[in-house]
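Single-structure report; data block below.
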Amino acid sequence: MRTLLAACLLWPGLAWAQPVAEWAAVRAPSGDAPRIVGEYSNGCIGGAAALPLQGPGWQVVRASRNRFYGHPSLVGFIEGFAARARAAGFADLWIGDMGQPRGGPLPFGHASHQIGLDVDVWLDLDPKPVLPLAARERIEVPSLVLPDESGVDPARFSERHAALIRLAAESPGVDRIFVNFAIKRALCTAHRGEAFLRRVRPWYGHDSHMHVRLACPAGSPGCIAQAPPPGGDGCDTSLEWWFSEQARHPPRSTPGARPRLPAACAGLLRR
């Protein structure tokens, strides 16, 4: 599936400097005070909190992956965002990957989601009964983008999708949101010049979910912030690059070594 192949800042060809299986094998948070170490794509977290697997306005999918942990600020964001979405008339949100109990690199599908500040929210607006966990393991959300990624599928993408993305982008603490470049183009067509678009950034995959990233929370000196998004709404030539041959068919990269995790992560892993 295209979304899973390119989802969530996947970096093909990079060799992990530390075995990812060790991080996936840890089943519970460290139990100490919340502490972020490193950056979104190279770090870990102590004292992570678990998002309840369902609540008012959300249901966690594929819980068997054990990726429903994050900084308490992320858990609070999801709970608050789901409440605001419900108040705005949206159905329950499917909540996908957050992070592992102590963060760190994931076995497949992501390069980020390592420090407890990232979450995938599926862009499925259909009414949903509360499903048992086993049924939520098999959730599939159709792409909102045409097969050639030249634009959104007009039979599926709607202004309601734009409204949900906007609601997330305007939420306190959000640093940026990643969506497919075709979705970004559709948002630019309908909402050019609106301030929320600065936080909505184009990326590969992300054709059936949005990846919400929070800024480093206060009191987290070990959290390495990402550079702010460029000024403006992002509806300029930088967006059109994503539809170019260079972007659509990049040269195959040579596998290289990924930077080692911060030294403090080794202690969190073994605690």
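Here the sequence shown stands for residues -17 to -1, 1 to 254, where the numbers follow mature numbering (1 follows the signal peptide of the UniProt record, and there is no 0).
From the three backbone atoms N, C-alpha and C, an ideal C-beta is built for every residue, glycine too.
Proximity to residue i [Cα-Cα], best of the options
i	options	result
residue 130	165, 99, 105	165
residue 24	249, 246, 242	242
residue 103	142, 34, 20, 134	34
residue 201	5, 56, 79	56
residue 120	36, 45, 247, 216	45
residue 213	116, 63, 180, 112	180
residue 100	223, 84, 114, 112	84
residue 208	98, 62, 114	98
residue 37	72, 116, 31, 49	116
C-alpha gap between residue i and residue j, whole angstroms
i	j	result
residue 225	residue 254	43 Å
residue 198	residue 232	31 Å
residue 271	residue 8	Beyond the ends of the chain as shown, which are -17 and 254, falls residue 271; an answer cannot be given.
residue 155	residue 79	20 Å
residue 5	residue 26	14 Å
residue 21	residue 95	11 Å
residue 244	residue 81	19 Å
residue 210	residue 158	10 Å
residue 92	residue 53	17 Å
residue -10	residue 114	Its pLDDT being 43, under 50, residue -10 is placed unreliably in this model, and the coordinates cannot settle the point.
residue 246	residue 229	37 Å
residue 31	residue 63	18 Å
residue 118	residue 49	16 Å
residue 47	residue 72	29 Å
residue 259	residue 122	Here the chain covers residues -17 to 254 and nothing more, so residue 259 does not appear.
Chain-order list of residues whose beta-carbon lies under 6 Å from that of residue i (same chain, five-residue window excluded)
i	result
residue 235	none
residue 29	13, 15, 18, 251
residue 186	161
residue 132	165
residue 111	74, 75
residue 205	19, 20
residue 248	20, 27
residue 203	19
Under 7 Å between C-beta atoms of residue i and residue j
i	j	result
residue 51	residue 58	no
residue 41	residue 65	yes
residue 145	residue 170	yes
residue 176	residue 219	no
Close-in-space but distant-in-sequence residues of the same chain around residue i (CB under 8 Å, 5 per side omitted)
i	result
residue 160	148, 151, 152, 182, 183, 184, 193, 194, 195, 196
residue 3	87, 88, 89, 90
residue 222	164, 167, 168, 171, 185
residue 178	216
residue 142	173
Sequence-distant residues of its chain with Cβ nearer than 7 Å to residue i (five each side left out)
i	result
residue 109	74
residue 107	77, 124
residue 39	65, 66, 69
residue 60	154, 156, 197
residue 127	106, 135, 136, 139, 140, 144, 166, 190, 191
Hey, is the stretch 7 to 14 in contact with the stretch 189 to 199, meaning 3+ C-beta pairs nearer than 8 Å?
no
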